[in-house]
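Trainee:
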Amino acid sequence: MPATYSPSPSETGVYTVGPPGRDAVLAAALAPDRIPTPPAVALQVVTAASRPDCKPAEIVALLSQDPALCGKLLKTVNSCLYGLSRPVTSLDRAVVALGLGTVRSLALGLSLPAVRTGPADAATRAYHITSMAGAIIARDLAARVPGGTPSDDLVAGLLRDLGEVLLRQAFPDAWREMLGRWGDRFHVEQCEAEEEAFGVCHAEVSAELLKLWRLPDDVVEPVRHHHRPERLAGGPPARLRRAELLGFAGLLADLDAVVAHPPALEYVLGVARDRFGMDRPALVRFLEGVVPKVAEFGELLDRDVRDCPNLAAALSAGGDVLVNLAVETSRARLGGSSAGPTPGGPGGPSPAVTMVATFRPGGEDPRGSGAGAGPPEFRTEFLENFPPGGCRLGEYELR
Numbered sequence: 027m028p029a030t031y032s033p034s035p036s037e038t039g040v041y042t043v044g045p046p047g048r049d050a051v052l053a054a055a056l057a058p059d060r061i062p063t064p065p066a067v068a069l070q071v072v073t074a075a076s077r078p079d080c081k082p083a084e085i086v087a088l089l090s091q092d093p094a095l096c097g098k099l100l101k102t103v104n105s106c107l108y109g110l111s112r113p114v115t116s117l118d119r120a121v122v123a124l125g126l127g128t129v130r131s132l133a134l135g136l137s138l139p140a141v142r143t144g145p146a147d148a149a150t151r152a153y154h155i156t157s158m159a160g161a162i163i164a165r166d167l168a169a170r171v172p173g174g175t176p177s178d179d180l181v182a183g184l185l186r187d188l189g190e191v192l193l194r195q196a197f198p199d200a201w202r203e204m205l206g207r208w209g210d211r212f213h214v215e216q217c218e219a220e221e222e223a224f225g226v227c228h229a230e231v232s233a234e235l236l237k238l239w240r241l242p243d244d245v246v247e248p249v250r251h252h253h254r255p256e257r258l259a260g261g262p263p264a265r266l267r268r269a270e271l272l273g274f275a276g277l278l279a280d281l282d283a284v285v286a287h288p289p290a291l292e293y294v295l296g297v298a299r300d301r302f303g304m305d306r307p308a309l310v311r312f313l314e315g316v317v318p319k320v321a322e323f324g325e326l327l328d329r330d331v332r333d334c335p336n337l338a339a340a341l342s343a344g345g346d347v348l349v350n351l352a353v354e355t356s357r358a359r360l361g362g363s364s365a366g367p368t369p370g371g372p373g374g375p376s377p378a379v380t381m382v383a384t385f386r387p388g389g390e391d392p393r394g395s396g397a398g399a400g401p402p403e404f405r406t407e408f409l410e411n412f413p414p415g416g417c418r419l420g421e422y423e424l425r
């Protein structure tokens, strides 16, 4: 899997130079009267369940101190997130059925409503949506790969962007000015924008908060580097894997904005294909199953996620963006249009370099379904070096 999508300065025209005062910004964002109160029972469960000699009865005793948390745990176990064939009605059975690792993660995740994220304004609702969607996506993606840790990745997904809330609340005027300067590029260059404005990005603020909560480094460091996972290369592989997963899940959660940036969208499609074995139609189907889970999990956590976008529809629209980009780029290179001279005729381009987008419902391969029978999936480099046999983009064949 590529490290991450990171636009170069030549793409953006912006060179990131962090201003002085990084430590002062961190101190302000993490001031004791501003940072969330750690969920005490959940942190006790995290500490206890991390010990190799921990017994289920010890976790049950800790959870019993918080009836509200117990109720949410049972509701979650019986929700569409786990899809158990029979309902679980007791805390003891829930701990045994899920295992200590999963319960440890869920206890922390279900305590997050206690985190003060400010008034229910539009920005806070948007944060809740991307946080919840990214967490569910990270969990479901982790379940698709060998050795994945879905419940731990769910919680890391929920925690990854807490620093955004803290920066926005500590520096509201500077935050608004930053958004005005960066415009829609903010969605794919968030760290660069924040470092230009504050000298520190939200991911680092999130990680410093989790350190104050004494969470393990296997959560803290992937959160710190989830936009730049290559910085974890050479360290524990599990941390690198989680950082990559969190960064990818975050892009999918913000897909309605990402689709407006073809390089970022192409990165998303490439990771889905190369790491998770999903072409664009398969990724659409995956996302179709995410939104209902986000809605149900949002109810469990008392979060307003009613405006969660239809991520599958956003991805489908994004595919059209790439098709149009390919066609228009080809026309610009040839200096013609689809209404121009007949291919191969006087003054017309040869058929080998004419770009045509053909819609094929379901994305079926017109050459057969055998392995390697069809043309390759579209990549942005094909705009300059188009394969002679054409390529596929989801339901489209480009020739």
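Sequential numbering from 27 applies to the sequence shown in this note's numbering. Glycine included, each C-beta is placed from N, C-alpha and C at the ideal position. In this text, all values refer to a predicted model and were calculated from it rather than measured experimentally.
1) With a CB to CB cut of under 7 Å and the five nearest residues on each side skipped, what residues in its chain are close to Lys319?
2) Looking at Glu423: is its Cβ nearer than 8 Å to the Cβ of Pro401?
3) Okay, do the stretch 188-197 and the stretch 217-229 touch, 3+ Cβ pairs below 8 Å being the bar?
4) Considering only the beta carbon of each residue, do Ala338 and Leu313 sit closer than 8 Å?
5) Between the beta-carbon of Leu89 and the beta-carbon of Cys96, is there less than 8 Å?
6) Leu419 lies in the alpha helix (DSSP H); which residues open and close that run?
7) Can you find the residues in the same chain that come closer than 7 Å, C-beta to C-beta, to Leu52, ignoring five residues on each side of it along the sequence?
8) Count the other C-beta atoms from every protein chain shown that fall within 10 angstroms of the C-beta of Lys98, then say buried if there are 16 or more, exposed otherwise.
9) According to DSSP, what are the bridge partners of Glu220?
10) Could you tell me if Leu419 is buried or exposed, where buried requires 16 or more neighbouring beta carbons within 10 angstroms of its beta carbon?
11) Indicate whether Leu110 and Phe302 have their beta-carbon atoms separated by less than 8 Å.
12) Mapping the DSSP letters down to three states, classify Glu410 as helix, strand or coil.
13) I need the straight-line Cα distance from Arg405 to Ser116, nearest angstrom please.
14) Just to confirm, is the Cβ distance from Val114 to Pro82 under 8 Å?
15) What does the Cβ neighbour count give for Gly125, buried or exposed, with the cut at 16 atoms within 10 Å?
16) Round the Cβ separation of Pro307 and Ser76 to the nearest angstrom and send it over; I've been treating them as touching at under 8 Å.
Mentor: So, from the data block:
1) Cys106, Leu107, Ile162
2) yes
3) yes
4) yes
5) yes
6) Unbroken run through Leu419 is the beta strand (DSSP E), 417-419; no alpha helix (DSSP H).
7) Val226, Val231, Glu234
8) buried
9) DSSP lists no partner for Glu220.
10) buried
11) no
12) coil
13) 51 Å
14) no
15) exposed
16) That pair is no contact at about 41 Å.
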